[in-house]
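Keeping their order, the protein sequence lines are chains P and A. By our numbering, the letter at position 22 of the first sequence is numbered 22, and the numbering carries on one by one without gaps. With the second sequence counted from 1, adding 22 to any position gets you our numbering.
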Amino acid sequence: YFARKANHKGSYSLVDALKSKV
Amino acid sequence: PKTFKVKVITMDAEMEFSCEMKWKGKDLFDLVCRTLGLRETWFFGLQYTIKGVCAWLKMEKKVLEQEIPKEDPTQFRFLAKFYPEKVEEELLQEITQHLFFLQVKKQILDEEIHCSPEVTVLLASYAVQAKYGDYDPNFHKPGFLIQDELLPKRVLKQYQMTVHMWEEKITAWYAEHRGIARDEAEMNYLKIAQDLAMYGVNYFPIEQNKNHRDLLLGVDAKGIHVYSINNRFSPNRSFEWSAIRNISYSEKELTIKPLDKKAEVFKFFSSQLKVNKLILQLCIGNHDLFMKRRRVDSIEIQQMKAQAREEKARKKMEH
């Protein structure tokens, strides 16, 4: 759910993080 | 194995460690926590300053591969990086409470957290109870607080009062706290401090249009908030963690996508890429704790809670 595409880009999906922890 | 030296500064101590060259951030962090006897490690981190920007040592990366200051020994500050939503429920160990108490007290005295004069006096009285124990007029003679830094400079300047007048005011409250043990006094301090508007918020200057740094972004235990630059108390807008779908950055731009697909996507610019990385790191960590609080406690936490209850009961008996 956290992805770093390149060194200057990052993304965090709260929805995916929630799903993965359930 | 080859080693390098680091100095770790906590809120009340300085420690030196020899680290192996191959150590990751986590190895050093765990060693510091073990040395302190701290188990509620998830609130804390090792902070350093590089090119004027605060940064936190990454756990999964080798210490020496991170952009840390080139000094010998390398210095880190061991500080709370994340704050609980409710101190009285989440801070279990006495050492955790004590470190939070010292850190928040410093923020209030340094005016990083704004606090009204009335509340600063009440807070000071709990700090005095924690330090000196019960008030005894035979022992605590006028002038006994002269050496202590108890109130923010702004408050001292705001009124035409002598140090003795302040001491009298604080002592009047202090005398009311008779019978309160050190850990209770520190917890009472934190319970009041956590209701202050600026408590636990990490602020970052941002701009919605280039060349206008007109807003502040705040990240805390509950979510992300947007403030006018001249009002850090009440946000214009808030995004609770449970209402956010995704947070992403590209260079200096940061995007917050709400869960509600019809709601407007919030885009803004921070001062540098490094700051965006820090903002995202704080969002991930705070959101992780937010989810953790809403799940069943782990066995470790259940044990710690039981231990904390027993310890409290024992102390009360002793007291």
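We put the CB at the ideal spot given by N, CA and C, even for glycine.
Assigned secondary structure, residue i (DSSP; H/G/I helix, E/B strand, else coil)
{"i": "tyrosine 105/A", "result": "coil"}
{"i": "glutamate 206/A", "result": "helix"}
{"i": "lysine 46/A", "result": "strand"}
{"i": "serine 20/P", "result": "helix"}
{"i": "threonine 63/A", "result": "helix"}
{"i": "tyrosine 249/A", "result": "strand"}
{"i": "arginine 56/A", "result": "helix"}
{"i": "glutamine 97/A", "result": "strand"}
{"i": "arginine 259/A", "result": "strand"}
{"i": "lysine 284/A", "result": "coil"}
{"i": "proline 174/A", "result": "coil"}
{"i": "aspartate 319/A", "result": "coil"}
{"i": "threonine 32/A", "result": "coil"}
{"i": "isoleucine 117/A", "result": "helix"}
{"i": "tyrosine 154/A", "result": "helix"}
Interface flag, residue i vs chain A, CB-CB below 8 Å
{"i": "lysine 19/P", "result": "no"}
Cutoff 8 Å: residue i Cβ touching any chain P Cβ
{"i": "glutamate 262/A", "result": "no"}
{"i": "lysine 283/A", "result": "no"}
{"i": "methionine 183/A", "result": "no"}
{"i": "arginine 200/A", "result": "no"}
{"i": "serine 270/A", "result": "yes"}
{"i": "leucine 300/A", "result": "no"}
{"i": "leucine 295/A", "result": "yes"}
{"i": "arginine 315/A", "result": "no"}
{"i": "histidine 120/A", "result": "no"}
{"i": "histidine 309/A", "result": "yes"}
{"i": "isoleucine 266/A", "result": "yes"}
{"i": "isoleucine 306/A", "result": "yes"}
For residue i, the residue or residues it bridges with in DSSP
{"i": "serine 40/A", "result": "Lys27/A"}
{"i": "cysteine 76/A", "result": "Thr71/A"}
{"i": "asparagine 268/A", "result": "Ser13/P, Lys279/A"}
{"i": "alanine 219/A", "result": "Looking at the DSSP assignment, alanine 219/A forms no beta bridge with any residue, so it has no partner."}
{"i": "alanine 6/P", "result": "Lys9/P"}
{"i": "glycine 240/A", "result": "Tyr225/A, His247/A"}
{"i": "glutamine 182/A", "result": "DSSP lists no partner for glutamine 182/A."}
{"i": "phenylalanine 290/A", "result": "Leu276/A"}
{"i": "lysine 84/A", "result": "Lys46/A"}
CB-CB length for residue i against residue j, believed under 8 Å
{"i": "glutamate 89/A", "j": "lysine 46/A", "result": "With 8 Å as the limit, glutamate 89/A and lysine 46/A do not qualify as a contact, their Cβ atoms being about 15 Å apart."}
{"i": "alanine 328/A", "j": "proline 106/A", "result": "Actually they do not touch by this definition, with Cβ atoms about 19 Å apart."}
{"i": "phenylalanine 123/A", "j": "leucine 101/A", "result": "Not really, about 13 Å apart at Cβ, beyond 8 Å."}
{"i": "tyrosine 225/A", "j": "leucine 238/A", "result": "5 Å"}
{"i": "leucine 281/A", "j": "arginine 267/A", "result": "5 Å"}
{"i": "tyrosine 181/A", "j": "serine 147/A", "result": "No, tyrosine 181/A and serine 147/A are not in contact; Cβ-Cβ is about 17 Å, not under 8 Å."}
{"i": "isoleucine 117/A", "j": "glycine 59/A", "result": "6 Å"}
{"i": "leucine 302/A", "j": "alanine 77/A", "result": "Between alanine 77/A and leucine 302/A the Cβ distance is about 13 Å, and since that is not below 8 Å, they are no contact."}
{"i": "methionine 43/A", "j": "leucine 86/A", "result": "6 Å"}
{"i": "valine 109/A", "j": "glutamine 216/A", "result": "5 Å"}
{"i": "glutamate 189/A", "j": "proline 159/A", "result": "That belief does not hold up - the Cβ atoms of glutamate 189/A and proline 159/A are roughly 13 Å apart, past 8 Å."}
Beta-carbon proximity of residue i to residue j, cut-off 8 Å
{"i": "lysine 314/A", "j": "leucine 295/A", "result": "no"}
{"i": "threonine 142/A", "j": "valine 185/A", "result": "no"}
{"i": "aspartate 205/A", "j": "glutamine 119/A", "result": "yes"}
{"i": "glutamate 229/A", "j": "phenylalanine 291/A", "result": "yes"}
{"i": "isoleucine 251/A", "j": "phenylalanine 261/A", "result": "no"}
{"i": "tyrosine 12/P", "j": "isoleucine 269/A", "result": "yes"}
{"i": "leucine 114/A", "j": "methionine 326/A", "result": "yes"}
{"i": "proline 174/A", "j": "isoleucine 214/A", "result": "no"}
{"i": "valine 28/A", "j": "threonine 96/A", "result": "yes"}
{"i": "valine 241/A", "j": "cysteine 305/A", "result": "yes"}
{"i": "leucine 79/A", "j": "phenylalanine 104/A", "result": "no"}
{"i": "cysteine 41/A", "j": "phenylalanine 26/A", "result": "yes"}
{"i": "serine 138/A", "j": "proline 227/A", "result": "no"}
{"i": "serine 256/A", "j": "alanine 219/A", "result": "yes"}
{"i": "valine 126/A", "j": "leucine 68/A", "result": "no"}
Minimum Cβ-Cβ distance from residue i to chain D less than 8 Å
{"i": "glutamate 273/A", "result": "The chain labelled as chain D is not found among the protein chains of the depicted structure, namely P and A."}
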